[in-house]
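For the sequence shown, my numbering assigns the number 616 to the initial residue and increments by one for each residue that follows.
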Amino acid sequence: MASSSNSSPSDVSQLLQVAELSDTWWAECMMPHLLKAKAAGSLAATCKQLRSLCQRCAGELRLAGQDLQQLQALANIPQRFASCKQLQFWLSSREEAACHLPAALDALAGLTALCRLALTVQSQGTASDPVAMAAALGGLATWQLRQQQALWPLPSSYGVHLRFACSWEANSLTWQAVGRLQHLSSLSVETAAGHHATITMCSLSALAPLHSCLRRLKVTSASAAPDLHQHQDYSFLSSLTTLTGLHLPVAAAHQHLNHISCCTGLQSLAFKARTGSDTALRAAECAALQHLVHLTQLSCTGFVLEDPTCSFLAALQQLRKLTMWQSLAALQSRRQLPAALAGLTKLTRLVFQLLEQPAPQQGVQAGAGTAAAAGAATAAHAVFPSVRCLCAGGPVPFEAFPSLQEVTQTSGWQPSALCSLRQHCSQLTKLSAGADVARGQAASLLSDAAAAERIRAIRGLSALRSLKCLAVAPNSEAEVAAVASLQQVRHLSVIAPYTSESTVEGLSQLGAARQLRTLQLLLPGAMKYHLGTAYAQRLLIAVQHAESVVLRVPAAHVQNMQDIEQHARLAINAAGVDGPAVVKVERGTTMS
């Protein structure tokens, strides 16, 4: 049985074989491990009971394309996996999509707990073939009718997630097939990272037949916004009035986006423009947002706002999460928080970016600079006591957020930012470096600041006694030592500086943080400096008091680092020295 959400088809193709495994297999293959772990007695269960327990508790199953033809085995799944709520199918050919999937869904009728179907299309030819996609989605429609009959008189609703692990071109027949999925309550269309999607928004008008049932619609791309270079028409929004959640890319050339005002039941809305596209959110479109009075989550990213004061926010009194991540061009005219935010008394999470205030210049420009500074000072008087989580870049006015508990920085800060944070946010429990920092594109503190100021700012965080989780990207060994002095921190993540070999090896100074429970080290440049067993041994001995240590390295270096870590552990054990209870090497270029 496959249950990991990150597994590939090759990893999960043995689902049906697992369902058919005999007691002998469990006795020969599973019991030795249970006995070795001294867990067999505590389980007090036979292999058959253990297998049945696994089957009964499985809430999610995956089927690779080659599994779809085993109809007899598929027919046994409803009885054996009666609690299954989600089925995932991996389709790698037109034949699997058009022929095998509909037949498999027919065999799987009877999974009455099933409420979500996910199709991962791996072939560009399949994804862009309207006939194949219409046949696959037609199989879902037939399955849904049988499901409705099985559940009658209880209501039947379900969600569909279409994931394209390939480049693809959407077509009207695909959307029309989706529009025939009766009782569909949730639709998600995703394009995986590294792939290109061509989507025509006016084709979504084919979803109009779902106006009475569709509650959530999400169209996303993991790498970049879908190809929306041509003029896009969003008038289809006026027909989907029952939506409570909506996530859409917005083209630079668009019209009728103001029809969003018809979706008055929305509770969550995300509009995303391509970074650097200078997509305008026009005044009429901003005004349309004020009709969505039930919104609790709003995200508008990458836009140039024609209403820079964000006056529409004043009407959204239910907002709890707000993301206004705009293009730099939009922020040139406003370097302060919009005054409309002050009235959002239920706002608990805020994501924004402010630009650094330019230095005053002589003459007329100096006067303008003074006026801008006065405006910023006025904005600083506004206080947002309900905000608990903040994700921000630029000169953040921390005095406006006295109740902050979590802060994520998205760019390098001046040391004065940490000083202000320490002074005004005494309840802070978590401080994290954001994605740009974690990717090594910036350190937590800007390197052009004086080294002594940076170190003092980091050490000053010791005044935040509630700070238990810290993720930081230091510039130097001295900053690593300053981080190690924060004795209140229990969970620490460090993006290793890799400007030189000595700064990476300086991570052993973290041994001074005796209170640590978990330590995560992101080592983007570890292999660049040929760090071997001796270094790993010194590092693991230094942090031996930590319960868990995770070393994250780029995918190409995972095996090398695993070998280094294993040799280091052997050397530590041979020397009779303790090391961390758990040490893991993971693939990754950002913090988990």
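Every residue gets a Cβ at the ideal spot worked out from N, C-alpha and C, and that includes glycine.
inquiry  = Using a 10 Å radius around the Cβ and a threshold of 16 neighbouring Cβ atoms, would you call D1063 buried or exposed?
reply    = Indexing the sequence shown from 1 puts residue 1063 at position 448. Exposed.
Under 7 Å between C-beta atoms of F779 and V736 = As a working mapping, residue 779 is identified with position 164 in the sequence shown. As a working mapping, residue 736 is identified with position 121 in the sequence shown. A contact, by the Cβ cut-off of 7 Å.
task = Identify the continuous beta strand (DSSP E) that holds C901 and give its terminal residues.
result = Here residue 901 refers to the residue found at position 286 of the sequence shown. No beta strand (DSSP E) contains C901, which is instead part of the alpha helix (DSSP H) from A898 to L904.
Per-residue DSSP class, three states only, for G1008 = Here residue 1008 corresponds to residue number 393 of the sequence shown, with the count starting at 1. DSSP places G1008 in strand when its eight states are reduced to three.
query = Taking the alpha-carbon positions, what's the A895 to I1070 distance?
reply = Sequence index remark: in the sequence shown, residue 895 carries index 280 (1-based). Sequence index remark: in the sequence shown, residue 1070 carries index 455 (1-based). Cα to Cα, the separation comes out at about 42 Å.
query = How about the region 821 to 836 and the region 791 to 809: do they share at least three Cβ pairs that are nearer than 8 Å?
reply = yes
Member of A679, L1122 and S1001 whose CA lies at the smallest distance from the CA of L1137 = Position 522 of the sequence shown, counting from 1, holds the residue named residue 1137. Looking at the Cα atoms, L1122 is the closest of the given residues.
inquiry  = Let's test the definition: count the other Cβ atoms within 10 Å of the Cβ of Q694 and tell me whether it reaches 16, buried, or not, exposed.
reply    = In the sequence shown, residue 694 corresponds to position 79, counting from 1. Under this definition Q694 is an exposed residue.
request  = Take A1183 as the anchor and find which of R1153, R897 and Q1135 has the nearest alpha-carbon.
outcome  = Indexing the sequence shown from 1 puts residue 1183 at position 568. The candidate whose alpha carbon is nearest that of A1183 is R1153.
query = What residues in its chain sit with their C-beta under 6 Å from that of Q1103, if we drop five residues either side in the sequence?
reply = Along the sequence shown, one-based indexing puts residue 1103 at 488. The answer, listed in chain order, is R1080 and L1082.
query = Do you know whose CA, among G860, G725, T806 and N691, lies nearest R831's CA?
reply = Looking up residue 831 in the sequence shown gives position 216. For the residues G860, G725, T806 and N691, the minimum Cα distance to R831 belongs to G860.
task = Return the residue from the list A1048, G1075, R1132 and C1034 that minimises the CA-CA distance to A1111.
result = Walking along the sequence shown from the start, residue 1111 turns up at place 496. When each option's Cα is compared against that of A1111, the closest is A1048.
query = Mind checking whether the beta-carbon of S1123 lies closer than 6 Å to any heavy atom of the ligand COA?
reply = Among the components of this structure there are no ligands whatsoever, and the ligand COA is therefore not found.
key: Residues of its chain near S1163, where Cβ-Cβ distance is below 6 Å and the 5 sequence neighbours each way are ignored   = Residue mapping note: residue 1163 aligns to position 548 of the sequence shown, counting from 1. Correct list, in chain order: T1133 and V1197.
task = Compute the Euclidean distance between the alpha carbons of A751 and L788, then round it to the nearest angstrom.
result = Counting from one through the sequence shown, the residue named residue 751 turns up at place 136. Counting from one through the sequence shown, the residue named residue 788 turns up at place 173. Rounded to whole angstroms, A751 to L788 spans 12 Å at the Cα level.
query = Once you ignore the five residues that flank V1022 on each side, which residues in its own chain have a CB closer than 6 Å to its CB?
reply = Here residue 1022 refers to the residue found at position 407 when the sequence shown is read from its first residue. These residues qualify, in order along the chain: L1005 and L1046.
task = For I1187, collect the residues of the same chain with a Cβ closer than 7 Å to its Cβ; drop the 5 residues on either side in sequence, then sort them by chain order.
result = As a first step, residue 1187 must be located in the sequence shown, where it is residue number 572. The answer, listed in chain order, is Q1152, L1155, I1156 and G1194.
Segments of 3+ residues assigned as beta strand (DSSP E) that fall wholly inside the region 1053 to 1124 = 1084 to 1087 and 1106 to 1110
key: Inter-stretch contact at 8 Å, needing at least 3 Cβ pairs: the region 948 to 968 / the region 901 to 910   = no
Assigned exposure category for P1000 - 16 Cβ within 10 Å defines buried = Translated into positions along the sequence shown, residue 1000 becomes position 385. By the neighbour-count rule (16 or more Cβ atoms within 10 Å), P1000 is not buried but exposed.
task = Ignoring anything shorter than 4 residues or poking outside the region 760 to 804, list the alpha helix (DSSP H) runs there in chain order.
result = 787 to 794
request  = Enumerate in chain order the residues of its own chain whose CB-to-CB distance from Q1177 is below 6 Å, with the five nearest sequence positions on each side excluded.
outcome  = Here residue 1177 is taken as the residue at index 562 of the sequence shown, counted from 1. Here the set comprises V1200.
request  = Just tell me which of D721, R731 and S708 has its CA closest to the CA of R677.
outcome  = Taking the first residue of the sequence shown as 1, we reach residue 677 at position 62. Among D721, R731 and S708, the Cα nearest to that of R677 belongs to R731.
message = I need the straight-line Cα distance from S836 to Q1174, nearest angstrom please.
response = Residue mapping note: residue 836 aligns to position 221 of the sequence shown, counting from 1. Residue mapping note: residue 1174 aligns to position 559 of the sequence shown, counting from 1. So the two alpha carbons sit approximately 30 Å from each other.
inquiry  = Assuming R731 is part of the beta strand (DSSP E), what are its boundary residues?
reply    = As a first step, residue 731 is located in the sequence shown; it is residue number 116 there, counting from the start. Element bounds for R731: R731 to V736.
ask   = Taking just the CA atoms, how far does G1191 sit from Q1130?
value = As a position in the sequence shown, residue 1130 is number 515, starting the count at 1. As a position in the sequence shown, residue 1191 is number 576, starting the count at 1. Going by the C-alpha atoms only, they are around 23 Å apart.
message = Does Q1181 come out as helix, strand or coil in the three-state DSSP assignment?
response = One-based indexing of the sequence shown puts residue 1181 at position 566. Here Q1181 sits in helix by DSSP.
ask   = Between the Cα of G674 and the Cα atoms of Q870, L852, L726 and T924, which residue gives the shortest distance?
value = As a first step, residue 674 must be located in the sequence shown, where it is residue number 59. G674 has its Cα closest to that of L726, out of Q870, L852, L726 and T924.
key: Inter-residue spacing [alpha-carbon to alpha-carbon] between R1105 and V1098   = Translated into positions along the sequence shown, residue 1105 becomes position 490. Translated into positions along the sequence shown, residue 1098 becomes position 483. One C-alpha to the other measures close to 12 Å.
query = Does the beta-carbon of R1202 have 16 or more other beta-carbons within 10 angstroms, so that it is buried, or is it exposed?
reply = Start at 1 with the first residue of the sequence shown, and residue 1202 comes out as number 587. That one is exposed.
task = Out of S1018, V1002, A997 and S1077, state which residue places its alpha-carbon closest to the alpha-carbon of L1033.
result = Here residue 1033 is taken as the residue at index 418 of the sequence shown, counted from 1. Here the closest residue by C-alpha is S1077.
Neighbour-count burial assignment, V746, 16 or more Cβ in a 10 Å radius = Working through the sequence shown from its first residue, we reach residue 746 at position 131. Classification for V746: exposed.
inquiry  = Just to confirm my understanding: we take A765, look at its own chain, exclude 5 residues before and 5 after, and list those with CB closer than 8 Å. What are they?
reply    = In the sequence shown, residue 765 corresponds to position 150, counting from 1. Cβ neighbours of A765 beyond the five flanking positions: A724, G725 and T727.
key: Where A754 falls, given that 16 or more other Cβ within 10 Å makes a residue buried   = Along the sequence shown, one-based indexing puts residue 754 at 139. According to the sequence provided, residue 754 is Gly. The question's Ala does not apply to it. It counts as buried.
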